[in-house]
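For reference, the structure is listed below as structure tokens.
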Amino acid sequence: MGTVCGSGGGWTRLAYLDMSDATQNCPSGFRLYQSGGVRACGRPGTNSGSCSSITFPSN
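Quick note on this note's numbering: the sequence shown kicks off at 21 and runs consecutively.
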């Protein structure tokens, strides 16, 4: 499966990551944001815009 960069649209949650567990890491291509004890994964910030695609396994 190729990337979906440039396909338009918005944000859709495709997976649930339990980042309350401090031993868990963000998927490749994403970075960890922490504030006030809250941990979340997001796109890395750039000045020129960015696109990150990842394939999650389905159960």
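Ideal placement from N, C-alpha and C gives every residue a C-beta, glycine not left out.
Report task. Specify the secondary structure class of phenylalanine 40 as computed by DSSP and reduced to three states. Result -> The sequence position of residue 40 within the sequence shown is 20, counting from 1. According to the sequence as given, residue 40 is serine; it is not phenylalanine. Reduced to three states, the DSSP call for serine 40 is coil.
Query raised in the report: How about methionine 39 and arginine 59: do their beta carbons lie closer than 8 angstroms?
Result: By 1-based counting over the sequence shown, the position of residue 39 is 19. By 1-based counting over the sequence shown, the position of residue 59 is 39. It is a contact, given that the beta carbons lie within the stated cut-off.
Report task. Would you grab the beta carbon distance between cysteine 61 and proline 47 for me? Rounded to a whole angstrom, and I think it's under 8 angstroms. Result -> Counted from its first residue, the sequence shown places residue 61 at position 41. Counted from its first residue, the sequence shown places residue 47 at position 27. At roughly 7 angstroms, the Cβ-Cβ gap stays under 8 angstroms, so cysteine 61 and proline 47 are in contact.
**Report entry** Endpoints, beta strand (DSSP E) assigned at cysteine 46
**Finding:** As a working mapping, residue 46 is identified with position 26 in the sequence shown. Careful: cysteine 46 lies outside any beta strand (DSSP E) and carries neither H nor E.
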